[in-house]
Structures are given as structure tokens and as C-alpha cells.
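Per our numbering, the sequence shown starts with residue 5, numbered consecutively.
Beta carbons: idealized from backbone N, C-alpha and C, even for Gly.
Just so you know, these numbers come straight off a predicted model, no measurement behind them.
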Amino acid sequence: MTYQIIFQKAQEYGLFFCGILLKTIHASFDLRTVSFLEQLLIVMLHQQVTFKQKRDINRHDSVRI
5 MTYQIIFQKA QEYGLFFCGI LLKTIHASFD LRTVSFLEQL LIVMLHQQVT FKQKRDINRH
65 DSVRI
């Protein structure tokens, strides 16, 4: 996944700080470190989205009761 796509996804899910963090990462580190930190950020972003989806599902379940 490229930098632009990650940045776009981060913004879509309201994780603006992720985008800022990515810009800082790209400005500050060598390529190997950037790659590792991007992978870490992708995992964090995925977990945040999954958590949000589970929370939304739980919210809908509680409304039904």
C-alpha cells in the first residue's frame, strides 16, 4: 500500500493524526524504517476500523432490544 493510499484511508476514518505521522515518518527516516513504520501504521489503522465497525454493530444490537 502506498503512502497516498494510507493517507487517504486515514483521513476517511477520521484518523488525521495518522496522516501527519506518515508525513513526519517520510521526512525523518531512511527507506527501510519508513517501510516498517508504514506497515505498523497499516495494522493500527486496520484495527481502528475493525474496532469502529464492531462498536457500530453493538450499537445497532442494543437499539433493537
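Where residue i falls, given that 16 or more other Cβ within 10 Å makes a residue buried
{"i": "L45", "result": "buried"}
Span separating the alpha-carbon of residue i from that of residue j
{"i": "E42", "j": "Q57", "result": "22 Å"}
{"i": "K27", "j": "M48", "result": "16 Å"}
{"i": "S39", "j": "Q52", "result": "20 Å"}
{"i": "H50", "j": "I9", "result": "13 Å"}
{"i": "F33", "j": "L25", "result": "12 Å"}
{"i": "D102", "j": "Q12", "result": "Because residue 102 is not part of the residues shown, which for the chain are 5 to 69, the question remains open."}
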